[in-house]
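Colleague: According to numbering that gives the first Met the number 0, the residues represented by the sequence shown are 0 to 232, in order.
Note that beta-carbon positions come from the ideal geometry of N, C-alpha and C, so glycine has one too.
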Amino acid sequence: MPYLNETGDVVELHLGAPGAELDETNPENRFRLDWLDEVERLLGEVTADPKRPLVVTATGKFFTNGLDTDHIFAAPDQLPAYLDRVHALYTTILTLPVPTVAAINGHAFGAGAMLALCADQVVMRTERGFWSLPEAALNMPFTRGMATLLRTRLPDRTATEAMYSSRRYGADDAVAAGIVDEAVPVEDLAARAAELAAGRAATVGANLTLIKRGLRGPLLADLAIPTPAGVLA
Numbered sequence: 000m001p002y003l004n005e006t007g008d009v010v011e012l013h014l015g016a017p018g019a020e021l022d023e024t025n026p027e028n029r030f031r032l033d034w035l036d037e038v039e040r041l042l043g044e045v046t047a048d049p050k051r052p053l054v055v056t057a058t059g060k061f062f063t064n065g066l067d068t069d070h071i072f073a074a075p076d077q078l079p080a081y082l083d084r085v086h087a088l089y090t091t092i093l094t095l096p097v098p099t100v101a102a103i104n105g106h107a108f109g110a111g112a113m114l115a116l117c118a119d120q121v122v123m124r125t126e127r128g129f130w131s132l133p134e135a136a137l138n139m140p141f142t143r144g145m146a147t148l149l150r151t152r153l154p155d156r157t158a159t160e161a162m163y164s165s166r167r168y169g170a171d172d173a174v175a176a177g178i179v180d181e182a183v184p185v186e187d188l189a190a191r192a193a194e195l196a197a198g199r200a201a202t203v204g205a206n207l208t209l210i211k212r213g214l215r216g217p218l219l220a221d222l223a224i225p226t227p228a229g230v231l232a
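1. Going along the chain, which residues of its own chain have a beta-carbon closer than 7 angstroms to the beta-carbon of ALA232, five neighbours each way excluded?
2. Enumerate in chain order the residues of its own chain whose CB-to-CB distance from ALA196 is below 6 angstroms, with the five nearest sequence positions on each side excluded.
3. Taking only the alpha-carbon atoms, compute the straight-line gap between PHE129 and ALA228 and give it to the nearest angstrom.
4. Leaving aside the five residues before and after THR157 along the sequence, list all residues of the same chain whose C-beta is less than 7 angstroms from its C-beta, in chain order.
5. Considering Cα atoms alone, identify which of ARG143, ALA136 and GLY15 is closest to TYR163.
6. Does the distance from the C-beta atom of VAL253 to that of VAL122 stay below 7 angstroms?
7. Assuming ASN64 and ARG29 form a contact by the criterion Cβ under 8 angstroms, report the distance between their Cβ atoms to the nearest whole angstrom.
8. What residues match up with GLN120 in a beta bridge as DSSP calls it?
9. How far does the beta strand (DSSP E) with ALA182 in it reach, from first residue to last?
10. What does the alpha-carbon distance come out to for the pair ALA200 and ALA16?
11. Would you call the CB atoms of ASP83 and THR202 closer than 7 angstroms?
12. Helix, strand or coil: how does DSSP classify LEU78 here?
13. Terminal residues of the continuous beta strand (DSSP E) containing LEU3?
14. Is the region 39 to 46 close to the region 74 to 81, with three or more CB pairs under 8 angstroms?
15. Whole angstroms is fine: what's the gap from LEU35's alpha carbon to LEU214's?
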């Protein structure tokens with residue numbers, strides 16, 4: 000399960016399990032209900048006592064593989080409420096009272112790729128892993144909130160290509176496309192993410208949330224719209 004780790008000048012939110020490269024119960028860090036519960040709880044701790052910038056990362060093959068498809072297929076009637084929870088997680092990260100950096104250690108797919116874009120800055124390892132939106136290839140739509148997230152966080156040409164084609168971007172291609180800020184060797188990933196986050200440490204506090212809400216107002220409004228029942232119809 001996800002956990003917080005204080006290290007140097009930052010706090011790290013690890014999306015996997017402590018002491019293991021892969022969480023055996025959720026090796027792809029998918030958005031399971033219990034996983035969402037824990038991530039929201041941990042981010043609640045950050046919000047309640049904001050002291051240091053936050054780095055969001057993981058270990059192993061995946062940053063996160065996004066939605067829990069097992070849950071979706073097992074309980075299709077619960078899909079709108081499930082997607083609303085995902086939107087709420089995005090909103091939480093977008094409005095944290097601390098600077099945030101996503102350090103993409105491996106594959107970031109679908110909803111997981113979008114989660115990375117909720118951070119203020121994004122760095123990605125060079126040796127392994129792709130950032131990708133597979134929805135078109137899977138014949139799945141984007142919710143209104145997700146589409147607005149992608150439209151506002153990516154250059155228009157990149158959003159169009161990524162959403163229409165399901166292209167897989169390696170780190171260097173992701174930098175060129177404006178998806179991530181830097182491509183970093185894996186041995187430097189954590190340190191570089193911490194350096195970027197710590198560089199904005201002076202802005203930690205409630206005022207930063209107000210600034211983020213002002214900047215992201217239309218996006219936050221779309222993320223707050225309840226998902227319609229026929230989203231996959």
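Modeller: Concretely, from the data shown:
1. For the purposes of this step, residue 232 is taken as the residue at position 233 of the sequence shown. For ALA232, the predicted model reports a pLDDT of 48, less than 50, meaning its position is unreliable; a value from the coordinates is still stated below. Scanning its chain for C-beta atoms nearer than 7 angstroms, with the 5 sequence neighbours on each side dropped, one finds no residue around ALA232.
2. Walking along the sequence shown from the start, residue 196 turns up at place 197. Closer than 6 angstroms at Cβ, skipping near neighbours: VAL9, PRO52, VAL54, PRO98 and VAL100.
3. Along the sequence shown, read from residue 1 onward, the residue named residue 129 stands at position 130. Along the sequence shown, read from residue 1 onward, the residue named residue 228 stands at position 229. Take the alpha-carbon of PHE129 and the one of ALA228: they are about 31 angstroms apart.
4. Taking the first residue of the sequence shown as 1, we reach residue 157 at position 158. Within the same chain, THR157 has close Cβ partners ALA176, GLY177 and ILE178.
5. On the sequence shown, position 164 is the one that residue 163 refers to. When each option's Cα is compared against that of TYR163, the closest is ALA136.
6. It is not possible to answer for residue 253, since the shown part of the chain is limited to 0 through 232.
7. Working through the sequence shown from its first residue, we reach residue 64 at position 65. Working through the sequence shown from its first residue, we reach residue 29 at position 30. Yes, they are in contact, since the Cβ atoms of ASN64 and ARG29 sit about 5 angstroms apart, within 8 angstroms.
8. Translated into positions along the sequence shown, residue 120 becomes position 121. Its beta-bridge partners are VAL100.
9. Here residue 182 is taken as the residue at index 183 of the sequence shown, counted from 1. Its beta strand (DSSP E) spans residues 181 to 183.
10. Residue numbering aside, residue 200 sits at position 201 when the sequence shown is read from its first letter. Residue numbering aside, residue 16 sits at position 17 when the sequence shown is read from its first letter. Their backbone Cα atoms lie some 27 angstroms apart in a straight line.
11. By 1-based counting over the sequence shown, the position of residue 83 is 84. By 1-based counting over the sequence shown, the position of residue 202 is 203. Their beta carbons are not under 7 angstroms apart, which means ASP83 does not touch THR202 by this criterion.
12. Position 79 of the sequence shown holds residue 78. Note: LEU78 maps to helix in three-state DSSP.
13. Position 4 of the sequence shown holds residue 3. From DSSP, the beta strand (DSSP E) with LEU3 extends over 2 to 6.
14. no
15. Taking the first residue of the sequence shown as 1, we reach residue 35 at position 36. Taking the first residue of the sequence shown as 1, we reach residue 214 at position 215. Going by the C-alpha atoms only, they are around 25 angstroms apart.
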